[in-house]
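Counting from 4, one number per residue, gives the positions in the sequence shown under my numbering. In this text, a Cβ means the ideal position worked out from N, Cα and C, and glycines have one as well. What follows is a set of notes on a single structure, which appears directly below.
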Amino acid sequence: MRNPLNAITGAAHFLSSEYTGDDTLQKFTSLIKRQAVRVNQVASDLLYVSKPMRTRVANVNVNAVLDQALDPLCEQLRDQNIVVIHELSTDLPTIEADELQLEQAFHNLFRNAVEAMPDGGSIRIRTSVGETDERIEVRIEDSGTGIAEKDKKKIFQSFFTTKIKGTGLGLTIVQRVLKNHDGTISVEQPESGGTRVIVRLLRSHPIARHGSGKDDGIPRNCGPAPLTAPHRAS
4 MRNPLNAITG AAHFLSSEYT GDDTLQKFTS LIKRQAVRVN QVASDLLYVS KPMRTRVANV
64 NVNAVLDQAL DPLCEQLRDQ NIVVIHELST DLPTIEADEL QLEQAFHNLF RNAVEAMPDG
124 GSIRIRTSVG ETDERIEVRI EDSGTGIAEK DKKKIFQSFF TTKIKGTGLG LTIVQRVLKN
184 HDGTISVEQP ESGGTRVIVR LLRSHPIARH GSGKDDGIPR NCGPAPLTAP HRAS
């Protein structure tokens with residue numbers, strides 16, 4: 004599926020760059036590229052849930068992973084007038100984790116936040132050491148529409164979605180990655196509105212603790228360089 008998608012996207016990029024003065028063509032090449040991204044995302048989600056996870060544990064800088072996860076959404080953030088507020092602790096210790104699995108999980112959370120704010124808003128990202136030194140905490144809070152009361156118990160069910168464009172697999176993947184890391188996720192609704200997601204991750208990965216060499220993997224898609232340098236939370 005991805006080979007023809009790459010050809011379609013490449014052709015759209017070529018036409019867009021060759022005929023910059025043609026507004027009608029620009030409109031339709033933009034549509035082609037957006038829809039190609041949607042199809043690619045469906046394919047990616049299906050791959051993640053259909054294959055066993057292959058975990059490669061290393062020392063991971065969570066602040067850098069968050070920036071890498073956010074980077075592919077930069078254009079959409081600008082188009083939708085969404086402001087990103089970083090409150091990343093400079094004292095955050097590295098953790099033992101699979102960097103690419105965490106990047107995919109955080110990307111899905113960011114994507115949900117962006118899609119909840121089609122008319123603009125803000126995403127606040129905060130990292131800190133948990134109440135005990137065993138865990139670190141990541142908070143992602145958006146100013147979107149929030150979650151309807153009737154949907155709160157269903158959001159982690161596979162294929163459940165309230166979006167026309169959604170696959171209903173984004174949070175399933177997040178939960179699967181966190182389970183693989185003995186991590187936890189909770190979802191809150193602040194009084195001011197929107198949604199707050201809290202992820203807690205152990206500093207020591209189960210595989211590293213128990214000395215298992217088991218390979219139980221995920222497709223590998225390397226992310227781009229970090230978007231911004233982290234700074235101390237206020």
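Notebook entry, point to check: Run through DSSP, which three-state label would Asp74 get?
Noted result: helix
Margin query: My assumption, with CB atoms under 8 Å, is that Glu102 sits in contact with Ala61. Please give the rounded CB distance.
Written below: 6 Å
Next item on the list: Could you round the C-beta distance between Phe17 and Leu76 to whole angstroms and report it? I think they count as a contact, below 8 Å.
Entry: Between Leu76 and Phe17 the Cβ distance is about 24 Å, and since that is not below 8 Å, they are no contact.
Margin query: So the candidates are Asn111, Ile98, Ile143; which of them puts its Cα closest to the Cα of Glu137?
Written below: Ile98
Note to self: Mapping the DSSP letters down to three states, classify Asp82 as helix, strand or coil.
What the structure shows: helix
Next item on the list: Kindly confirm or deny that the stretch 170 to 189 and the stretch 120 to 136 touch, where touching means at least three C-beta pairs closer than 8 Å.
Entry: no
Note to self: Excluding the 5 residues flanking Glu106 on each side, which residues of the same chain have their C-beta closer than 8 Å to its C-beta?
What the structure shows: Val68, Gln71, Ala72, Gly226.
Note to self: Here's the rule I'm using: 16 or more other beta-carbon atoms within 10 Å means buried, otherwise exposed. How should Asn9 be labelled?
What the structure shows: exposed
Check: So, using beta-carbon positions, are Val271 and Gln79 closer together than 7 Å?
Finding: Since the first residue shown for the chain is 4 and the last is 237, residue 271 is missing from the structure and cannot be characterised.
Notebook entry, point to check: When DSSP labels each residue in this structure, what does Thr27 get in the three-state scheme?
Noted result: The answer is helix: DSSP assigns Thr27 an H, G or I state.
Item checked: Residue span of the alpha helix (DSSP H) that contains Val117, given as start and end -> 102 to 118
Item checked: Beta-carbon gap between Gly149 and Thr198 smaller than 7 Å -> yes
Check: Can the beta-carbon of Ala119 be found less than 7 Å from the beta-carbon of Asp145?
Finding: yes
Margin query: Measuring only the C-alpha atoms, how far is Ala100 from Asp26?
Written below: 47 Å
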